[in-house]
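Reminder that position 223 of the sequence shown reads as 223 in UniProt numbering, one-by-one numbering, no gaps.
Just so it is clear, CB atoms sit at the ideal spot from N, CA and C, and this is done for glycine as well.
In what follows, a structure is listed as structure tokens, so that the remarks can point back to it.
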Amino acid sequence: MQQTLNTQLLIIGGGPGGYVAAIRAGQLGISTILVEGQSLGGTCLNIGCIPSKALIHVAEQFHQTRHHSQGSALGIEVAAPTLNIGKSVEWKDGIVDRLTTGVAALLKKNKVQVIHGWARVIDGKTVEIDGADTRIQCEHLLLATGSKSVNLPMLPLGGPIISSTEALAPKVLPKRLAVVGGGYIGLELGIAYRKLGVEVSVVEAQERILPAYDAELTQPVLESVKQLGIKLYLKHSVLGFDAGTSSLQVREPNGDTLALATDQVLVAVGRKPNTQGWNLEALNLDMNGSAIKIDARCQTSMRNVWAIGDLSGEPMLAHRAMAQGEMVAELIAGKHREFTPAAIPAVCFTDPEVVVVGKTPDEAKAAGLDCIVSSFPFAANGRAMTLESKGGFVRVVARRDNHLVVGWQAVGVGVSELSTAFGQSLEMGARLEDIGGTIHAHPTLGEAVQEAALRALGHALHM
């Protein structure tokens, strides 16, 4: 016999957007049911952001130890290290497990009912759970089904052809890995695998790596990639995989075919909204390309049906989904909110790291703004020297007329942590004088933020 549950808010998807919306709704006294077919935490916690940062940390530690075994300027002397990748993956899984268990505990604490199963939409107020005689009626339906890796028809997944999911849980490391896609996912994993001792090639159709970022910002990453011995095949397109010769078939810019011998091929060409398999069609919502179209309050074209996160298109970032989820819960509770962030930080955890917050020089120009652009190199920063990392810089973009900061970019070791200061300065409407006049702790990488602002004002101290 079918049971029917009634709730004020029903959320489909327990990733960062869905679970944060559920927690906030619970705090606000909204009766909430969350449906998730796999593990709580979604792609980000289970097979994305968190495990990739864990693997990157393992790779960096192994790389450093190997570096020390070959004669280190720091005076550290060790024997050549070996790697037990099974143990590394176990450690990574332990972190994931702690975080997903934590999410479950927070949902329970806030009286959210979690149903493990696959949702199937009947209409804007009704959802069924596949394989369980359960129907849920709701006042508000929040769609938070996230995104999935884009597959290439000429490289179907299976065997030696893997996605980031398999790359983050290796049983053994391949001797050679070919990465298809030179964006942030392909490069983060390609660099990590290289540091773990794998021979890595990256095939990218565009003329440079990280094509979503400007050339000046990605130059230090390009230098690092070459120094690590990663082979780059730029302006090359993929034709297919020849299992007989275990080689990736690639078209060169001149039209010739090149065979890259490899043991595994990692397909990392981007992500797309997860709109299939749960009967979204029944709602007949307005779309924005392959994403669901939403307004500034994350409302879809159907009343009381909301969509957040990757399902609603770019930028596909966990922290955007979280902020949207929190807002939707507050709107349902009757608060007045709009999703109008001054900027959403984008971080690329390559070596070195890249951060973009707000407008780049090119975007400022395209928006018709007359801007001052100024950068300060980490080569002149004492803390960077003590971290053996003198490459990279901090760059500020500010309006020439009133010195309002409209964008920050940085590339260097550990600059992901500067994203907080960048985001806050944009949200609070800081001017160059505000940043330049704030006393920054010495010695820190953050001093380069102050110096970039001072340089824009024409009086950097350490240049």
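Residue interval of the beta strand (DSSP E) (run including residue i)
i: Glu223; result: No beta strand (DSSP E) holds Glu223; the alpha helix (DSSP H) holding it covers Ala215 to Gln227.
i: Asp242; result: Ser237 to Asp242
i: Thr126; result: Thr126 to Ile129
i: Glu36; result: Thr32 to Glu36
i: Lys365; result: Counting along the chain, Lys365 falls outside any beta strand (DSSP E), though it belongs to the alpha helix (DSSP H) covering Pro361 to Ala366.
i: Gln2; result: Segment: none, Gln2 is in no beta strand (DSSP E) and carries neither H nor E.
i: His140; result: Thr134 to Leu143
i: Asp401; result: That residue, Asp401, is in no beta strand (DSSP E); it is neither H nor E in DSSP.
i: Val355; result: Glu353 to Gly358
i: Ser247; result: Ser247 to Arg251
i: Ser374; result: Cys371 to Pro377
i: Ile122; result: Ala119 to Asp123
i: Leu266; result: Gln264 to Val267
i: Gln113; result: Gln113 to His116
i: Ala259; result: Thr257 to Ala261
i: Lys231; result: Lys231 to Leu234
i: Val347; result: Ala346 to Cys348
i: Arg337; result: Segment: none, Arg337 is in no beta strand (DSSP E) and carries neither H nor E.
i: Arg271; result: Arg271 to Pro273
Cα-Cα separation, residue i to residue j
i: Arg297; j: Arg24; result: 16 Å
i: Ala59; j: Gly14; result: 29 Å
i: Lys293; j: Gly94; result: 37 Å
i: Gly429; j: Val415; result: 21 Å
i: Leu426; j: Met287; result: 30 Å
i: Val328; j: Leu189; result: 34 Å
i: Gln424; j: Arg431; result: 12 Å
i: Ala367; j: Val406; result: 11 Å
i: Gly270; j: Val150; result: 6 Å
i: Leu168; j: Ser201; result: 18 Å
i: Lys390; j: Gly18; result: 40 Å
i: Leu173; j: Glu77; result: 26 Å
i: Ala79; j: Thr65; result: 9 Å
i: Lys171; j: Leu248; result: 22 Å
i: Ala452; j: Pro253; result: 39 Å
i: Glu36; j: Ala144; result: 10 Å
i: Ala268; j: Ile161; result: 11 Å
i: Ser312; j: Pro341; result: 16 Å
i: Ser31; j: Lys111; result: 8 Å
i: Glu216; j: Thr386; result: 24 Å
i: Ser246; j: Met154; result: 15 Å
i: Phe241; j: Glu199; result: 18 Å
i: Asp362; j: Pro315; result: 18 Å
i: Asn84; j: Gly229; result: 23 Å
i: Thr218; j: Gln113; result: 45 Å
i: Ala119; j: Asn6; result: 15 Å
i: Thr257; j: Ala243; result: 16 Å
i: residue 464; j: Gly382; result: As displayed, the chain neither begins before 1 nor continues past 463, which places residue 464 out of reach and without an answer.
i: Lys365; j: His236; result: 30 Å
i: Thr300; j: Trp278; result: 17 Å
i: Glu388; j: Leu10; result: 50 Å
Heavy atom of the ligand GDP within 7 Å of residue i beta-carbon
i: Val127; result: Among the components of this structure there are no ligands whatsoever, and the ligand GDP is therefore not found.
Close-in-space but distant-in-sequence residues of the same chain around residue i (CB under 6 Å, 5 per side omitted)
i: Gln276; result: none
i: Ser39; result: Asn46 and Thr100
i: Pro220; result: Pro352, Gly391, Gly392 and Val411
i: Leu232; result: Val202
i: Val394; result: Phe376, Ala410, Ala448, Val449 and Ala452
N-terminal and C-terminal residue of the alpha helix (DSSP H) that residue i is part of
i: Ile422; result: Per the sequence shown, residue 422 should be read as Phe rather than Ile. Ser419 to Glu427 is the span of the alpha helix (DSSP H), which, as asked, contains Phe422.
i: His67; result: Cys49 to Ser69
i: Thr100; result: Ile85 to Lys109
i: Ala21; result: Pro16 to Gln27
i: Thr386; result: Gly382 to Thr386
i: Gly412; result: Where Gly412 is concerned, there is no enclosing alpha helix (DSSP H), although the beta strand (DSSP E) it sits in stretches over Val405 to Gly412.
i: Leu285; result: Per DSSP, Leu285 belongs to no alpha helix (DSSP H) and is neither H nor E.
i: Lys455; result: The identity of residue 455 in the sequence shown is Arg, whereas the question assumes Lys. Start and end: Glu447 to Ala456.
i: Glu433; result: Leu432 to Gly436
Same chain only: Cβ atoms within 7 Å of residue i, ignoring 5 sequence neighbours per side
i: Asp351; result: Ile191 and Ser224
i: Ala421; result: Gly446 and Val449
i: Cys49; result: Ala318
i: Met302; result: Gly124, Leu283 and Leu285
i: Ala379; result: Lys390
i: Ala346; result: Pro315, Leu317 and Val356
i: Val121; result: Val127, Trp278, Asn279, Leu280, Ala282 and Leu283
Nonlocal neighbours in the same chain, by C-beta distance under 8 Å from residue i, ignoring five residues either side
i: Pro211; result: Gly182, Gly183 and Glu204
i: Lys87; result: none
i: Leu234; result: Gly182, Glu204, Gln206, Glu207, Arg208 and Ile209
i: residue 504; result: This structure does not reach residue 504, given that the chain is present from 1 up to 463, and the question cannot be answered.
i: Leu457; result: His403, Leu432, Glu433 and Gly436
**Prompt:** What alpha helix (DSSP H) runs, 4 residues minimum, are completely inside the region 145-201?
**Reply:** You should have 164-167 and 184-195.
**Message:** Does the structure place the region 57-75 close enough to the region 130-146 that three or more beta carbon pairs sit under 8 Å?
**Reply:** Not touching, per the Cβ criterion.
**Request:** Within the region 289-333, note down every full alpha helix (DSSP H) run reaching 4 residues or more, in order along the chain.
**Result:** Those alpha helix (DSSP H) runs which fall completely within the region 289-333 and span 4+ residues are 318-332.
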